[in-house]
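All remarks here apply to the structure that follows.
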Amino acid sequence: MLHADATTALAEYRRIFPGEAVDSVKDFLARNPDDILRSNPAGHVTASGLVFDGNALLLIFHKKSARFLQPGGHVESGDASIYDAARREVLEETGLGVAPSPLFPGCVPFNIDAHIIRARPDRDQCEHWHYDFQYLFEPLGRDVRIDESEVDAFRWVPLDYPFATSGLINAVPKLQELLSKRTHS
Numbered sequence: 001m002l003h004a005d006a007t008t009a010l011a012e013y014r015r016i017f018p019g020e021a022v023d024s025v026k027d028f029l030a031r032n033p034d035d036i037l038r039s040n041p042a043g044h045v046t047a048s049g050l051v052f053d054g055n056a057l058l059l060i061f062h063k064k065s066a067r068f069l070q071p072g073g074h075v076e077s078g079d080a081s082i083y084d085a086a087r088r089e090v091l092e093e094t095g096l097g098v099a100p101s102p103l104f105p106g107c108v109p110f111n112i113d114a115h116i117i118r119a120r121p122d123r124d125q126c127e128h129w130h131y132d133f134q135y136l137f138e139p140l141g142r143d144v145r146i147d148e149s150e151v152d153a154f155r156w157v158p159l160d161y162p163f164a165t166s167g168l169i170n171a172v173p174k175l176q177e178l179l180s181k182r183t184h185s
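Residues in the sequence shown are numbered from 1 upward in steps of one, following UniProt numbering.
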């Protein structure tokens with residue numbers, strides 16, 4: 001079910017963003033019809049939330065990565081969809097409920113990012129790929145309560161902040177363009 005959901009989400013994403021280079025995600029899904037979860041040592045689908053309050057994005061300082069990122073993580077077998085996995089991850093890591101952003105259709109990823117995760121011999125983890133489906137959300141409140149087992153801090157960051165992580169390098173300009181189109185229409 002999650003493989004079919006990821007395939008459908010990718011197809012919708014490609015329809016909306018036809019110029020985006022997501023062939024590696026398509027190839028991964030084609031090669032792995034039975035295992036897109038964390039149990040696949042070559043790579044897996046992850047889900048994250050771009051939580052935008054109209055002025056700033058919510059970032060968390062992720063302990064394992066030792067950097068500020070959008071909330072997100074591994075898709076689990078109990079998730080009804082990749083979208084639901086992103087909502088769950090945001091809630092787990094920040095304590096915030098979220099709703100689909102009025103700026104973009106909720107069930108379609110706003111950005112898809114493929115990136116390599118380095119080997120972690122201390123955790124018996126080989127190098128592998130994350131195929132991150134990023135959904136655009138608006139927060140249902142501002143009372144962030146971080147999960148201190150995974151997150152050290154959070155901050156609301158304006159869109160003109162110099163984002164350095166791969167997923168945000170692509171997502172933020174798309175969000176700026178979307179906002180610009182809405183203001184000029």
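Idealized CB from N, CA, C, for every residue including glycine.
Identity of the residues DSSP links to residue i by a beta bridge
i, result
"Q176", "Paired residue(s): none; Q176 is not in a bridge."
"residue 186", "Nothing in the structure corresponds to residue 186, since the chain is present only between 1 and 185."
"H138", "Here the sequence assigns Glu to residue 138, which means His is not the residue at that position. Note: E138 sits in a beta bridge opposite A99."
"H74", "T46"
"R155", "L59"
First through last residue of the beta strand (DSSP E) which encompasses residue i
i, result
"A47", "43–51"
"I60", "56–62"
Under the three-state DSSP convention, the category residue i falls into
i, result
"D160", "coil"
"G167", "helix"
"R23", "At residue 23 the sequence reads Asp, which differs from the Arg that was named. Note: D23 maps to helix in three-state DSSP."
"R118", "coil"
"Q31", "Inspection of the sequence shows that residue 31 is occupied by Arg rather than by Gln. Correct three-state label for R31: helix."
"R123", "helix"
"R38", "coil"
"R145", "coil"
Run of the alpha helix (DSSP H) containing residue i, from where it starts to where it stops
i, result
"A4", "2–16"
"R67", "Where R67 is concerned, there is no enclosing alpha helix (DSSP H), although the beta strand (DSSP E) it sits in stretches over 67–69."
"E92", "82–94"
Cβ of residue i within 8 Å of any chain B Cβ
i, result
"R123", "You won't find chain B in this structure, because it holds only one protein chain."
Check your understanding: Does the stretch 142–162 come within contact of the stretch 105–113, defined as at least 3 CB pairs closer than 8 Å?
Key -> Flag = no, the stretch 142–162 and the stretch 105–113 do not touch.
Exercise. Between the stretch 116–131 and the stretch 174–183, do three or more beta carbon pairs fall short of 8 Å?
Worked result: Segment contact: the stretch 116–131 against the stretch 174–183, fewer than three CB-CB distances shorter than 8 Å; contact not assigned.
- Task: Mind the definition here: the stretch 2–9 touches the stretch 66–83 only if three or more C-beta pairs lie below 8 Å; say whether that holds.
- Result: As far as the Cβ criterion goes, the stretch 2–9 touches the stretch 66–83, which means the pair count is three or higher.
Please determine if the stretch 137–155 and the stretch 43–62 are in contact, where contact requires at least 3 C-beta pairs separated by less than 8 Å.
Counting Cβ pairs under 8 Å, three or more are found: they touch.
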